[in-house]
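K.L.:
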Amino acid sequence: MDIKPINQSQSIGTTYIIGHKNPDADSICSAIAYANLKQLQGHQNCIAARCGNTNARIDAILSRFNQTVPLFIGDVTPRIKDIMVQDVVTIDQSTTCAEALELIDAHDIRALPVINEEEQLIGYISVFQLGDYFIPKVKAPREMRHVKTTINAVIRALKANVLNLHEGEDLEDLYVKVGAMDIRSFSKFSEGGEIPATQSIIVVGDRWDIQQRSIQTGVRLLVITGNLPVDQEVIEQAKEKNVSIIVSPYDSATTAWIIRTASTVERMIERDCMTFGADEKRNDVRKKIATNNMPAYMVVDENQRLLGIFSKTNILQPIQTKLILVDHNEMSQAVPGAHQVKIEEIIDHHRLGALNTQQPILFINEPVGSTCTIVADLYRRYNFTPTPDIAGTMMGGIIADTLNLNSPTST
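Just so we're aligned, residue 338 is where the sequence shown starts under my numbering, counting upward by one.
What follows is the structure in structure tokens.
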């Protein structure tokens, strides 16, 4: 079974300080300088960014003052990769029901993706499928006794003591019977049943006669319950007949139930599941799953390899990406997708445009020559002295945006 650690918590999102499309020197320089100020204030998650290419003037300023070109962000539209859980607990088809239930309980999740050796998605198993498997089916008693598993999986589930083991790794269709009746009734039951002895698991206590009869008929597995002792004669006979024999620490009823949990999940896998690509837009996916009630949705690549998993709860959570807009305040000039993420601040010196936010934000708009002018003033306001390189970067933005202090907007 392939088990990977799970971590469903999301880290604090990055805040991108970003200028307008087709950025000029003031847009780039103010983003760099304001990101530096934010970091001096302890906001290490603030990063200078851009949504367009630089030009010769910008490159000359950045080269002169030893600044790297801000990170390019072409689109901040929320996508599935932004909300999916990447560290996923997965299982394979040989996982037992007991192991699947243990993982679901340990990680407080509703579904487990099932993958193959190449990490390609096969389907998923949920607590609902597992629950249906264990619900008694009065009209199908044979099905209630059916277990598709290996003898070794039964041993692990019961934490049993092995007295004789024959071909324990083979996956088999087996049926559980409890030897609780008189030996005469058991003989008729074992001889006249539709299930061959070689597919039978007999659960019995210290009934020597039932143990003997089970071995004589060649049952696949004999399970002695309650940690009761077993005669050496019985063990020797089991070895001669290639009958596996183990001792369970539980009573007969509990033992029979636990054996059912040793069944593999293969026939319970839901193979018809909705899958999505990591780059699909969150809003588009939200519409697609609106009327669907799957417990979880899988994210795969072009080769059907599992990349992540998400639920409706994940898709409704706030996106962690945040923006601080500099040198503009209109959505038509902002990075694509800006209206779908949280805008925390706006620092600008242009006229006001049409812009709505979901909550109050810091909005500084002053009639000065450049946005770098405002950022330089913020350094003074918060009692921080910029380094010569950061001061030079702001100076470059001011000079470029005011045409060497000759534009009408110069202050």
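The beta carbon of each residue, even a glycine, is placed where N, CA and C say it ideally should be. Remember, it's a predicted structure, so these values are computed and weren't measured experimentally.
#1: In its own chain, which residues sit with a C-beta less than 6 angstroms from the C-beta of L495, not counting the 5 before and 5 after it?
#2: Counting only the same chain and skipping the five closest in sequence on each side, list residues whose C-beta sits under 7 angstroms from that of Q574.
#3: Pop quiz: T708 and S367 are said to be a contact at Cβ under 8 angstroms. What is the actual Cβ separation, rounded to whole angstroms?
#4: How should V499 be labelled, buried or exposed, when 16 other C-beta atoms within 10 angstroms of its C-beta is the threshold for buried?
#5: Which residue from I459, I395, G379 and D419 puts its Cα closest to that of M731?
#6: Between which two residues does the beta strand (DSSP E) harbouring Y634 extend?
#7: When the Cα atoms are used, what is the spatial distance from A737 to T351?
#8: Count the other CB atoms, across all protein chains shown, that sit within 10 Å of the CB of Q548; report buried if there are 16 or more and exposed otherwise.
#9: Within 10 angstroms of the Cβ of F409, are there 16 or more other Cβ atoms? Answer buried if so, exposed if not.
#10: Check the DSSP bridge columns for N682 and list the partner residues they point to.
#11: If you measure between the beta carbons of V464 and V672, is that distance less than 8 angstroms?
#12: Nearest to T598 by alpha carbon, out of F523, W545 and V491?
#13: Within its chain, find whatever has a CB closer than 7 angstroms to the CB of I735; leave out the 5 residues flanking it on each side and keep chain order.
#14: Looking only at its own chain, which residues have a Cβ that is under 7 angstroms from the Cβ of V406, when we skip the five neighbours before and after it?
#15: Around the C-beta of D363, are 16 or more other C-beta atoms found within 10 angstroms, so that it is buried, or is it exposed?
#16: Looking at T433 and P450, is the spacing between their C-beta atoms short of 8 angstroms?
#17: With DSSP as the reference, identify every bridge partner of S463, one or two as the case may be.
P.N.:
This is what the structure gives:
#1: The sequence position of residue 495 within the sequence shown is 158, counting from 1. These residues qualify, in order along the chain: S585 and I595.
#2: Counted from its first residue, the sequence shown places residue 574 at position 237. So the qualifying residues of the chain are I552.
#3: Your numbering for residue 708 matches position 371 in the sequence shown. Your numbering for residue 367 matches position 30 in the sequence shown. About 4 angstroms separates the two Cβ atoms, so the contact holds.
#4: Position 162 of the sequence shown, counting from 1, holds the residue named residue 499. Exposed.
#5: Position 394 of the sequence shown, counting from 1, holds the residue named residue 731. Of the listed residues, the one whose Cα sits closest to M731 is I395.
#6: Along the sequence shown, read from residue 1 onward, the residue named residue 634 stands at position 297. Segment Y634 to V637, the beta strand (DSSP E) holding Y634.
#7: One-based indexing of the sequence shown puts residue 737 at position 400. One-based indexing of the sequence shown puts residue 351 at position 14. The straight-line gap from Cα to Cα measures roughly 29 angstroms.
#8: Residue numbering aside, residue 548 sits at position 211 when the sequence shown is read from its first letter. Answer is buried; the Cβ neighbour count reaches 16.
#9: Residue 409 sits at position 72 when you count from the first residue of the sequence shown. So F409 ends up on the exposed side.
#10: Here residue 682 is taken as the residue at index 345 of the sequence shown, counted from 1. Per the sequence shown, the amino acid found at residue 682 is Glu instead of Asn. The secondary-structure analysis by DSSP pairs E682 across a beta bridge with I661 and L699.
#11: Working through the sequence shown from its first residue, we reach residue 464 at position 127. Working through the sequence shown from its first residue, we reach residue 672 at position 335. Not a contact, by the Cβ cut-off of 8 angstroms.
#12: Reading the sequence shown from its first residue, position 261 is the one you call residue 598. Its Cα nearest to that of T598, the residue V491 stands out among F523, W545 and V491.
#13: Along the sequence shown, read from residue 1 onward, the residue named residue 735 stands at position 398. Answer for I735: G706, S707, C709 and T710, listed in chain order.
#14: Within the sequence shown, the letter at position 69 stands for residue 406. Cβ within range, chain order: T391 and L399.
#15: Within the sequence shown, residue 363 is the residue found at index 26, counting from 1. Classification of D363: buried, given that the 10 Å Cβ count is 16 or more.
#16: As a working mapping, residue 450 is identified with position 113 in the sequence shown. As a working mapping, residue 433 is identified with position 96 in the sequence shown. No, the pair does not count as a contact, with Cβ atoms beyond the cut-off.
#17: As a first step, residue 463 must be located in the sequence shown, where it is residue number 126. Answer by DSSP bridge pairing, in chain order: A448.
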